[in-house]
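Comments concern the structure below.
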Amino acid sequence: MGISLRRLAGLCGLLFGLISGVADPAFAQSSLTIAQQIEAETGGRVGFAALDAGSGARLQWRGGERFAMMSTFKPLACAAYLDLQRRMGGEEQTHRLQATELVTYSPAMQDRVGELISGHEACAESLRLSDNTAANLVLDMIGGPLGLTAFLRDQGDTQTRLDRYETDLNSARPGDVRDTTTPTSMLETYASVLLGEGLSIDSQDQLIAWMEGNEVSQRLLRDDSPADWRIADRSGAGEYGSRAYIALIRFEDRAPVLITAFLTETELSLVERDAALRPLIQAALGELGL
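Number 169 in the numbering used here belongs to position 157 of the sequence shown; there are no gaps in the numbering.
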């Protein structure tokens, strides 16, 4: 079931109003209303959570329900790598890439077969281009999916779990708890590693810099945002019309904002998924005063 053109146009109209700062009253809907509208029009399931790190204000819809992480696990894997490197006295891990290790969508690593890849290089490419082989190399360096899950438990996250490698982890099968999180758990964990005490200051700065260099999530927030917003983000896509997004937004004159958003169990194309989630993200940010 595809999203109707009429309703999609309505969602896009809401987005235009929000980013222009003069939303038409007809489109001045809350993020919760928009989430319900997306579900009604797509037949899918939506979840999101947002936090104003200054005021402590929070928003959420289906915040405790499980959604597939897809590629939004990648910054967390790199957080775990940076933490491990710090505990090892700064020692950098390396791996010589074999052709048999290449998986689908590896735009950077496909040209690096036979070369020695460092953990920093693998993180940089997994967060710049969402390179799947690079992400798998990072996972191997931290003890695999179980190693990442252990790191998450150390962060106080009892819900998020990684069970498989790329690209199997993107199956997003309804009811399958493997490789899943909840919107609120993901929000709290990203708050810990990006803003809290989950990483050292140097590691936080490095992780945020990598995430700010993301080149593959523009449609969800970056294309429509003011030039002075500093956005560190990661998107994910999977089967069953699934989409995931996390973002840290920093400003010169106010505290940062974090948001996580998920969509699943639809038949939407990737472009349609982005068009459906974008007004929700903008509405949530608007409710937090942006």
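For glycine and all other residues, C-beta sits at the position ideal for the given N, C-alpha and C.
Keep in mind the model is a prediction, meaning the values are calculated, not measured.
Any idea what DSSP makes of residue 35, helix, strand or coil? Sequence index remark: in the sequence shown, residue 35 carries index 23 (1-based). Residue confidence for residue 35 is low, a pLDDT of 36 falling below 50, so the modelled location carries little weight and cannot support an answer.
Spatial distance of residue 251 from residue 183 (CA atoms): Taking the first residue of the sequence shown as position 1, residue 251 is located at position 239. Taking the first residue of the sequence shown as position 1, residue 183 is located at position 171. Cα to Cα, residue 251 sits roughly 5 angstroms from residue 183.
On a CA-only basis, which of 147, 258 and 218 is nearest residue 232? Give me that one, please. As a first step, residue 232 is located in the sequence shown; it is residue number 220 there, counting from the start. For the residues 147, 258 and 218, the minimum Cα distance to residue 232 belongs to 258.
If you count every other CB in all the chains shown that lies within 10 Å of the CB of residue 131, and 16 or more means buried, which is it? Residue numbering aside, residue 131 sits at position 119 when the sequence shown is read from its first letter. So residue 131 ends up on the buried side.
Any chance you could list the alpha helix (DSSP H) runs of at least 4 consecutive residues sitting entirely within the stretch 46-129, in chain order? 86-99
Just verifying my parser: in three-state terms, what is the DSSP assignment at residue 215? Residue 215 sits at position 203 when you count from the first residue of the sequence shown. DSSP places residue 215 in helix when its eight states are reduced to three.
Check residue 202 in the structure and name its three-state DSSP category. Taking the first residue of the sequence shown as position 1, residue 202 is located at position 190. The answer is helix: DSSP assigns residue 202 an H, G or I state.
Rounded to the nearest angstrom, how far is the Cβ of residue 179 from that of residue 144, given a contact under 8 angstroms? The residue labelled residue 179 in the question sits at position 167 within the sequence shown. The residue labelled residue 144 in the question sits at position 132 within the sequence shown. Contact flag correct, Cβ pair sits at about 6 angstroms.
Closest Cα partner of residue 60 within the set 298, 141 and 289: Here residue 60 refers to the residue found at position 48 when the sequence shown is read from its first residue. The option with the nearest alpha carbon to residue 60 is 289.
Selection from 211, 265 and 142 that minimises the alpha carbon distance to residue 245: Within the sequence shown, numbered from 1, the residue matching residue 245 stands at position 233. When each option's Cα is compared against that of residue 245, the closest is 142.
When the Cα atoms are used, what is the spatial distance from residue 120 to residue 160? Here residue 120 corresponds to residue number 108 of the sequence shown, with the count starting at 1. Here residue 160 corresponds to residue number 148 of the sequence shown, with the count starting at 1. Taking the straight line from one Cα to the other gives about 23 angstroms.
Quick one: what does DSSP say residue 16 is sitting in, helix, strand or coil? To locate residue 16, count along the sequence shown from 1; it is residue 4. With a pLDDT of 41 at residue 16, under the threshold of 50, the predicted position of this residue should be treated as unreliable, and no value is reported.
I'd like to know if the stretch 95-110 and the stretch 69-82 are in contact, where contact means that at least 3 CB-CB pairs between them fall below 8 angstroms. no
Could you give the distance in angstroms between the alpha-carbon of residue 43 and the alpha-carbon of residue 266? The residue labelled residue 43 in the question sits at position 31 within the sequence shown. The residue labelled residue 266 in the question sits at position 254 within the sequence shown. Each residue's Cα considered, the two are about 22 angstroms apart.
7 angstroms Cβ shell around residue 33 - same chain, five flanking residues per side excluded: Taking the first residue of the sequence shown as 1, we reach residue 33 at position 21. Model confidence at residue 33 stands at a pLDDT of 34, short of 50, so the residue's coordinates are unreliable; what they give is reported in the following sentence. Same-chain partners within the cutoff: there are none.
Minimum C-alpha distance to residue 139 - residue among 249, 302, 224 and 57: Walking along the sequence shown from the start, residue 139 turns up at place 127. It is 224.
For residue 154, does the three-state DSSP call read helix, strand or coil? To locate residue 154, count along the sequence shown from 1; it is residue 142. Looking at residue 154 - three-state DSSP - the assignment turns out to be coil, as it is neither helix nor strand.
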